[in-house]
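Let me begin by presenting the structure, written as structure tokens, before commenting on it.
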Amino acid sequence: VFLVLLTALSLSTSQQQNPLEVNGGSCIAMKGKNCIVIASDKRFGQQNTLISSNAKRVLKLNSRLLCGCTGLTSDVQTVMQDLSHAVKKFKMSQKSHLEPSIAASILSSFLYSKRGSPYFCETLIAGLDSSNKPFLKSHDVLGAGEGDQNFAAIGTSASTLYGLCEALYKPEMSPDELADVVSKCIF
Amino acid sequence: MGDSAYSFSLTTFSRTGKLLQIEYALNAVQQGKTSLGICASNGVVIATEKKLPTVLIDSKDVSKISLVTPSSGFVYSGLGPDYRVLVRKARKKAQSYFNIYQEIQPVGPLVRDVAGVMQEFTQSGGVRPFGVSLLVAGFDDQGPQLFQVDPSGAYFGWKASAIGKNSLNAKSFLEKRYSEDIELDDAIHTALLTMKDGFEGEMNEFNVELGVVSEDRRFRILTPAEIRDYLDEAL
């Protein structure tokens, strides 16, 4: 009850809330040599109040494909569930391996189908395609994709993360180097 | 679909458990001109007779083989106008697929979509089944594939098949000449020989149509000049 009261207070005293910033959370991904790393924070809050330190922001679509989502938590959860559903349907109807570009296209058209009343959720698809080449694509709330990036950051501290990426990124890093660099960025 | 007065399905079961409308549709297919297809190790070829009833018909724009996705094509035996409706619907479905997935619809899902449409028309109000069997040739990540789709909506994958008037003879001809590792050029020659076997009158590059898809994944309808070359090699 106390927590609810506190949240109600903090809500009533704030101005226009940006739905992408209410719950917080960021996600970063980077390409390396035949590998990708994706990392996210685990904070789930309501404005300044911390509700949980165990938020799930990265969805594992299969052993070679990951999707990170940040933004309004209810939309993040919905997008992750619906994407997982679409991917399972795809796998059942087609025997072929799910390429990251297909998953990105599914996500993109899914987000755009809500053009009139969008999901407040930015997304990141990172994976390896069938020839082991790394794939990385981030989408905004309407599903617009930034193709072929070497690194991508989404969420509340995206601009800070991008700055760190620019400074620390090197092409063709090994998995260990990559994990090292990404953890430096996210900390 | 259909008038309110015909909101019931016209395709109903007989006492013996058969859907007679579908049987009759298959009869219509059997009356149609022969079409055949061969799935080679590195491509697929489909062929059909394009015999026009009189010399007065201008055959330049008549095409029985149709491109449906950049990597797959259809040919039919049976009622031409029914076929055109199916091609149009299949093309639209393939394009919707591309809109979502940003890749060319693979052959399996394409065949399932078309078969689904054909099945709908056996169970909807005020419509009759399509009077065509289709041969679908395509090349995707699973390799070269050849499918047959019947008026009932049943579909089968084939290594080589024939439909229409001369299908029984053509199939036994194909059985003798088919081998697992047959290459596309051989398959084209075999297809032409098989067509010639049941052809009434003289077969030339103007009264047959050939569609081919190879490892480049581009379905093409061959020009009469190309057919002429293959005919010269085969015969």
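Chains as they are written, first to last, in our numbering: chain F, 1 to 187; chain V, 1 to 235.
Just so you know, even glycine gets a beta-carbon here, dropped at the ideal spot from N, CA and C.
For chain F, is any of its Cβ atoms less than 7 Å away from the one on residue i?
i, result
"Asp-150 (chain V)", "no"
"Ile-182 (chain V)", "no"
"Tyr-155 (chain V)", "no"
"Tyr-24 (chain V)", "no"
"Tyr-97 (chain V)", "no"
"Tyr-83 (chain V)", "no"
"Asp-141 (chain V)", "yes"
"Met-1 (chain V)", "Residue confidence for Met-1 (chain V) is low, a pLDDT of 49 falling below 50, so the modelled location carries little weight and cannot support an answer."
"Tyr-101 (chain V)", "yes"
"Pro-109 (chain V)", "yes"
Whole-angstrom Cβ separation of residue i and residue j, contact assumed at under 8 Å?
i, j, result
"Ala-94 (chain V)", "Thr-69 (chain V)", "5 Å"
"Gly-68 (chain F)", "Arg-57 (chain F)", "6 Å"
"Phe-139 (chain V)", "Val-29 (chain V)", "That pair is no contact at about 25 Å."
"Gly-131 (chain V)", "Leu-79 (chain V)", "4 Å"
"Ala-179 (chain F)", "Ile-28 (chain F)", "Wrong, their Cβ atoms sit about 12 Å apart, outside the cutoff."
"Ala-137 (chain V)", "Val-44 (chain V)", "4 Å"
"Ser-72 (chain V)", "Ile-221 (chain V)", "Contact doesn't hold; Cβ gap of about 12 Å is too wide."
"Ser-59 (chain V)", "Gly-164 (chain V)", "Their Cβ separation, rounded to whole angstroms, is 19 Å, which puts Ser-59 (chain V) and Gly-164 (chain V) out of contact at 8 Å."
"Cys-165 (chain F)", "Phe-151 (chain F)", "4 Å"
"Ala-234 (chain V)", "Leu-184 (chain V)", "The Cβ separation is near 13 Å, so there is no contact."
In the DSSP assignment, what residue or residues form a beta bridge with residue i?
i, result
"Asn-62 (chain F)", "F:Leu-65"
"Lys-137 (chain F)", "F:Ile-125"
"Ala-162 (chain V)", "V:Leu-36"
"Tyr-76 (chain V)", "V:Leu-134"
"Tyr-155 (chain V)", "V:Val-149"
"Lys-31 (chain F)", "F:Ile-36"
"Gly-25 (chain F)", "In DSSP, Gly-25 (chain F) forms no bridge with anything."
"Leu-50 (chain F)", "F:Gly-45"
"Glu-177 (chain F)", "In DSSP, Glu-177 (chain F) forms no bridge with anything."
"Phe-248 (chain V)", "Given a span of 1 to 235 for chain V in the structure shown, any question on residue 248 (chain V) remains unanswerable."
"Leu-210 (chain V)", "V:Ala-47"
"Thr-70 (chain F)", "F:Glu-122"
"Glu-146 (chain F)", "F:Ser-138"
If we cut at 7 Å on Cβ distances, does residue i have a partner in chain V?
i, result
"Ser-63 (chain F)", "no"
"Ile-125 (chain F)", "no"
"Ser-93 (chain F)", "yes"
"Ser-105 (chain F)", "yes"
"Ile-28 (chain F)", "no"
"Ser-157 (chain F)", "no"
"Ser-109 (chain F)", "yes"
"Ser-96 (chain F)", "yes"
"Ile-186 (chain F)", "no"
Alpha carbon to alpha carbon, how far is residue i from residue j?
i, j, result
"Pro-151 (chain V)", "Glu-205 (chain V)", "30 Å"
"Ile-57 (chain V)", "Glu-49 (chain V)", "15 Å"
"Leu-6 (chain F)", "Asp-141 (chain V)", "Confidence at Leu-6 (chain F) is low in this model, with a pLDDT of 49, below 50, so the placement of that residue should be treated as unreliable; the coordinate-derived value is given next. Answer to the nearest angstrom: the Cα atoms are 56 Å apart."
"Val-22 (chain F)", "Ile-36 (chain F)", "29 Å"
"Val-127 (chain V)", "Ser-96 (chain V)", "25 Å"
"Ala-104 (chain F)", "Thr-156 (chain F)", "22 Å"
"Lys-184 (chain F)", "Asn-99 (chain V)", "39 Å"
"Ala-90 (chain V)", "Phe-74 (chain V)", "10 Å"
"Leu-52 (chain V)", "Thr-223 (chain V)", "17 Å"
"Lys-159 (chain V)", "Asp-61 (chain V)", "30 Å"
"Ser-101 (chain F)", "Ser-109 (chain F)", "12 Å"
"Glu-231 (chain V)", "Lys-91 (chain F)", "The identity of residue 231 (chain V) in the sequence shown is Leu, whereas the question assumes Glu. Rounded to the nearest angstrom, the two C-alpha atoms are 43 Å apart."
"Ala-225 (chain V)", "Gly-116 (chain V)", "37 Å"
"Ala-158 (chain F)", "Ser-40 (chain F)", "11 Å"
"Thr-34 (chain V)", "Arg-177 (chain V)", "18 Å"
"Ala-162 (chain V)", "Asp-82 (chain F)", "43 Å"
"Gly-153 (chain V)", "Met-118 (chain V)", "5 Å"
"Val-87 (chain F)", "Gly-127 (chain F)", "14 Å"
"Ser-130 (chain F)", "Glu-99 (chain F)", "7 Å"
"Glu-180 (chain V)", "Asp-186 (chain V)", "12 Å"
"Arg-88 (chain V)", "Glu-122 (chain F)", "37 Å"
Do you know whose CA, among the options, lies nearest residue i's CA?
i, options, result
"Ile-182 (chain V)", "V:Ser-41, V:Asn-169, V:Asn-27", "V:Ser-41"
"Ser-74 (chain F)", "F:Ala-126, F:Gly-24, F:Val-182", "F:Gly-24"
"Leu-36 (chain V)", "V:Asp-113, V:Glu-202, V:Pro-106, V:Asp-197", "V:Asp-197"
"Ser-133 (chain V)", "V:Gly-143, V:Pro-144, V:Gln-148", "V:Gln-148"
"Tyr-6 (chain V)", "V:Ser-124, V:Leu-192, V:Gly-153, V:Lys-159", "V:Ser-124"
"Ala-191 (chain V)", "V:Glu-202, V:Glu-209, V:Glu-180, V:Glu-200", "V:Glu-209"
"Leu-67 (chain V)", "V:Ile-46, V:Thr-11, V:Ala-225", "V:Ile-46"
"Lys-31 (chain F)", "F:Tyr-119, F:Pro-118, F:Val-76, F:Leu-124", "F:Leu-124"
"Gly-163 (chain F)", "F:Val-182, F:Ser-84, F:Thr-70, F:Asn-34", "F:Val-182"
"Ser-96 (chain F)", "V:Pro-106, V:Val-87, V:Asp-186", "V:Pro-106"
"Ser-84 (chain F)", "F:Thr-70, F:Asn-62, F:Gln-17", "F:Asn-62"
"Gly-143 (chain F)", "F:Lys-33, F:Leu-72, F:Leu-107, F:Gln-77", "F:Leu-107"
"Val-55 (chain V)", "V:Ala-234, V:Asn-207, V:Glu-226, V:Thr-34", "V:Asn-207"
"Val-114 (chain V)", "V:Tyr-155, V:Gln-102, V:Pro-144", "V:Tyr-155"
"Asp-82 (chain V)", "V:Gly-108, V:Val-111, V:Gly-32, V:Arg-112", "V:Gly-32"
"Thr-70 (chain F)", "F:Pro-171, F:Pro-19, F:Ser-174", "F:Pro-19"
"Leu-20 (chain V)", "V:Pro-129, V:Ile-104, V:Met-203, V:Glu-180", "V:Pro-129"
"Glu-177 (chain F)", "F:Arg-43, F:Asn-34, F:His-139", "F:Asn-34"
"Tyr-112 (chain F)", "F:Lys-89, F:Val-76, F:His-139", "F:His-139"
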